[in-house]
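Take a look at the structure below.
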Amino acid sequence: MPRGGIFMVERFKTYLNKYFSDGPKIESIIVIGLTISLVVISLTIFNMIKTITISIDGSDKKVTTFGGTYKDVLDNNGIKLGSKDKVKPSLDSRVKDKGKLLITRAVLIEVKVDGKKLDIKSAEHNVENMLQAEKIQLSNLDKVYPSRNYAIKKGLKVVVTRVKTKDIKEITNINYDIVIKNDGEVESGAKKVLQEGQNGEKQTITRIVYEDGKEVSRKVISEIVKKEPVQKIIAVGTLNSDYTFSRGGNLSYAKFLQMKATAYTADYESTGKGPGHPDFGITASGTVARRNSGSYSSVAVDPRVIPLGTKLYIEGYGYAIAEDTGGAIKGNRVDLFFNSASEANNWGVRWINVYVMD
Numbered sequence: 001m002p003r004g005g006i007f008m009v010e011r012f013k014t015y016l017n018k019y020f021s022d023g024p025k026i027e028s029i030i031v032i033g034l035t036i037s038l039v040v041i042s043l044t045i046f047n048m049i050k051t052i053t054i055s056i057d058g059s060d061k062k063v064t065t066f067g068g069t070y071k072d073v074l075d076n077n078g079i080k081l082g083s084k085d086k087v088k089p090s091l092d093s094r095v096k097d098k099g100k101l102l103i104t105r106a107v108l109i110e111v112k113v114d115g116k117k118l119d120i121k122s123a124e125h126n127v128e129n130m131l132q133a134e135k136i137q138l139s140n141l142d143k144v145y146p147s148r149n150y151a152i153k154k155g156l157k158v159v160v161t162r163v164k165t166k167d168i169k170e171i172t173n174i175n176y177d178i179v180i181k182n183d184g185e186v187e188s189g190a191k192k193v194l195q196e197g198q199n200g201e202k203q204t205i206t207r208i209v210y211e212d213g214k215e216v217s218r219k220v221i222s223e224i225v226k227k228e229p230v231q232k233i234i235a236v237g238t239l240n241s242d243y244t245f246s247r248g249g250n251l252s253y254a255k256f257l258q259m260k261a262t263a264y265t266a267d268y269e270s271t272g273k274g275p276g277h278p279d280f281g282i283t284a285s286g287t288v289a290r291r292n293s294g295s296y297s298s299v300a301v302d303p304r305v306i307p308l309g310t311k312l313y314i315e316g317y318g319y320a321i322a323e324d325t326g327g328a329i330k331g332n333r334v335d336l337f338f339n340s341a342s343e344a345n346n347w348g349v350r351w352i353n354v355y356v357m358d
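Just so we're aligned, residue 1 is where the sequence shown starts under UniProt numbering, counting upward by one.
Have a look at this one:
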């Protein structure tokens, strides 16, 4: 027992002897009382002692403490926390025997977002939690690299790409078609408009995607015909099926069409194929495109109007065979083949009479 404690016991014994009675009986009572007090004190101290585990980034350390809060434990053991370090349970929680205090140290990472590069200390579990803790808000479209559930580690570089979309609505015209109908009761070459054409209307919605303010893609997501076009119908007379050439002689034909005639060559400017291409100068029918003023030349048509293989006579051009097609050759159009660009340019664009031969 410490000297101060012995002194107090002796003074207590003297006090009892002086004011009560002498003899061994009172001394025995004193000894028993002191013994009981020491036992109670010892038990109290023993019950106050607690052993806990402190885990710092997965490294465990056992510590004995007399209780209090977890903050007291850290202070007593010289363990300091950074402002971003995470502790579980909270520091003001009461210490429990055999409890465990988990400490996650914040590590330095880099975040690029909104045109800025941020150096951030974080002890969060993953990228998404870190961004939430730093009040960096994300939309459902925003891109995050690495992924949002990627674990935080020292030196990690995170890139947030802001993604936005914009829908543009446009109303455009749908050109009407021109339909030519032969009328055997009308004199050959005469024309009559049976129905005027009207353009239709189409609503197109295009979605533009921007990443960090820059356009990266656009795509048509909706097309709705608001107004159907109305065909223009022209009746062309075919009463006289014998065509008289300007140089004399007659031509027997099955029907007569008035068509818009353009010109093309085998060159890249017309076909998109150069001399080295395996299909250079080859028609859609597989023949070699030709211009033969004394015989049949090759022309491109819309097969829905004039079937491939049909023999024709074209005013100002001569005999021809419908052997080719073209992306722009739709409806009452015919594209005439020439051997040179100068011949094609001289032809230009004309409205001419086309005779479908028997």
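Yeah, the Cβ is synthetic: ideal placement off N, Cα and C, and Gly gets one too.
Less than 7 Å between C-beta atoms, sequence neighbours within five positions excluded: which residues of the same chain meet that for residue i?
| i | result |
| --- | --- |
| V113 | I136 and V160 |
| V95 | K50, I52, T65, G67, G68, T69, Y70 and V73 |
| D85 | I103, T104, R105, A106 and A123 |
| K117 | E110 |
| L43 | For L43, the pLDDT reaches just 44, beneath the cut-off of 50, and the residue's location in the model is therefore unreliable, although a value from the coordinates is still provided. If we look at L43 and ignore the five residues flanking it on each side, it has no Cβ neighbours. |
| P303 | T325 |
| T283 | A289, S298, E323 and D324 |
| E315 | I352 and N353 |
When DSSP labels each residue in this structure, what does residue i get in the three-state scheme?
| i | result |
| --- | --- |
| F46 | With a pLDDT of 46 at F46, under the threshold of 50, the modelled position of this residue cannot be trusted; read the value that follows with caution. Correct three-state label for F46: helix. |
| V107 | strand |
| A133 | helix |
| K71 | helix |
| S270 | helix |
| E128 | helix |
| E228 | coil |
| E170 | strand |
| N182 | strand |
| A344 | helix |
| N353 | strand |
For residue i, which residues of its own chain have a beta-carbon under 6 Å away from its beta-carbon, when the five flanking residues on both sides are left out?
| i | result |
| --- | --- |
| T262 | D335 and V349 |
| N339 | R291 |
| Y317 | L336 |
| G200 | I174, K227, E228 and P229 |
| E128 | R148 |
| L308 | S285 and A322 |
| K61 | I54 |
| A300 | D324, T325, G326, I329 and D335 |
Taking residue i as the reference, which of the options has the closest Cα?
| i | options | result |
| --- | --- | --- |
| G331 | D57, A133 and K260 | K260 |
| I168 | N76, F280 and V209 | V209 |
| I174 | K311, N126 and G197 | G197 |
| T204 | T172, I234, V193 and K181 | T172 |
| S342 | T265, Y355, G276 and S293 | T265 |
| D75 | L91, F280, K61 and T310 | L91 |
| D212 | S139, P275 and G274 | S139 |
| N353 | K157, I178, T310 and A190 | A190 |
| Y319 | V356, W347 and G276 | V356 |
| L141 | E134, K164, K157 and D324 | K164 |
| G155 | W351, K121 and L131 | K121 |
| E235 | I178, K311 and N126 | The sequence shown places Ala at residue 235, rather than the Glu named in the question. Of the listed residues, the one whose Cα sits closest to A235 is I178. |
| G115 | K273, S83 and K214 | K214 |
| K153 | I79, N126 and K202 | N126 |
Return the CA-CA distance between residue i and residue j, expressed in angstroms with no decimal places.
| i | j | result |
| --- | --- | --- |
| E124 | L108 | 11 Å |
| G99 | G58 | 15 Å |
| K88 | L102 | 5 Å |
| I233 | N182 | 11 Å |
| I180 | A328 | 18 Å |
| N345 | E170 | 36 Å |
| Y296 | K192 | 31 Å |
| S217 | Y145 | 20 Å |
| P278 | L257 | 34 Å |
| Q195 | R333 | 20 Å |
| F280 | K255 | 33 Å |
| S293 | Q231 | 36 Å |
| E134 | K157 | 15 Å |
| Y176 | I306 | 19 Å |
| Y313 | P275 | 30 Å |
| K143 | S93 | 39 Å |
| W347 | T310 | 22 Å |
| V162 | W351 | Residue 162 is actually Arg in this sequence, not Val. Cα-Cα distance, rounded: 55 Å. |
| D97 | S83 | 27 Å |
| G237 | K202 | 35 Å |
For residue i, which residues in the same chain have their Cβ closer than 8 Å to its Cβ, ignoring the five residues on either side in sequence?
| i | result |
| --- | --- |
| K166 | R207, I208 and Y210 |
| N77 | I54 and V63 |
So does the stretch 269 to 286 actually touch the stretch 210 to 225, counting three or more Cβ pairs closer than 8 Å? no
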